[in-house]
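Here is the structure we will look at, set down as structure tokens.
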Amino acid sequence: MSTGPAAPLQMAGKSNAATPKLNSEVEMGSLPQDEQASEDDIMQVARIGDVAAMEKLFESGEFDATYHDDEGITPLHWAAINNQFGMCKFLIEHGAEINRKGGESVATPLQWAAQRCHYYTVNLLLQHGADPLITDAQGYNTLHISTFNGHVLLITLLLHQGIPVDVLDTFGHTALMWSAYKGFPQCVDLFLRWGASVHATDEQGFTALHWA
């Protein structure tokens, strides 16, 4: 007698998804405490949030807010991931490309901020047109990335942007499946209250219950 598909050991492709690398040299924007800002290093200035130094760089004419490196990473990426709210606001006001994708994961500043659960920075970016449905190289949007960390307030903020609660990742997984797999009961409850489907299946035919 068939009892349905056997529950898998882990979600396909999810073993490393909770901590995707954003940059090979300075992963997640960490900066040594004894390292000082250099006025000719726009990325470092963005990381530490030195708005005055950034203003000088712009006034010199050598850089502007649309600058990006060879990986597509912008000052806004580094400001966002380091929760430099004032710097993010300054860069946006000076024309930063808010949905620019860059880094190893080919992600937006919004996704970098969500990776670190920076609620107010995420909200700022959303208010200025950041698209939460853009996906990174792994096929995850900002809702999926926020669910990896189980940040209920951040997820609630995103759902209020009109994101479809059952939006799929590359493998057909919903945020509800993710929260069940990661073991975040508060997130599961939130998604269910928001109308997430318990019957939705991924590419393997598994529902959120299989992943719980």
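So for the sequence shown, the working numbering puts the first residue at 961; every next one is plus one.
C-beta atoms are modelled at their ideal positions from N, C-alpha and C, and glycine is treated no differently.
CA-to-CA, the gap between Ala-1056 and Val-1005 works out to about 15 Å. Here Ile-1105 has Gln-1071, Ala-1074, Gln-1075 as same chain residues with Cβ atoms under 7 Å from its own Cβ, once five neighbours each way along the sequence are excluded. Assigned with DSSP and collapsed to three states, Ala-1056 falls in coil, not helix or strand.
One Cα belongs to Asn-1042, the other to Leu-1103, and the distance between them is close to 19 Å.
Here Ala-1067 is bridged, per DSSP, to Gly-1062. Each residue's CA atom was taken as its position, placing Met-1047 and Glu-1022 some 18 Å apart. The DSSP-derived three-state label of Leu-1128 is coil.
Contact between Phe-1050 and Met-1014 holds, with the beta-carbon distance rounding to 6 Å and staying under 8 Å. One thing to note: Ile-1052 has its Cβ within 9 Å of the Cβ of Ala-1025. The C-beta separation of Pro-1069 from His-1028 comes to about 11 Å, leaving the pair out of contact by the 8 Å criterion. Burial is judged here by how many other beta carbons sit within 10 angstroms of a residue's own beta carbon; Tyr-1141 has at least 16 and is buried. Annotated as distal: Asp-1129 and Ala-1156, with beta-carbon spacing of 9 Å or more.
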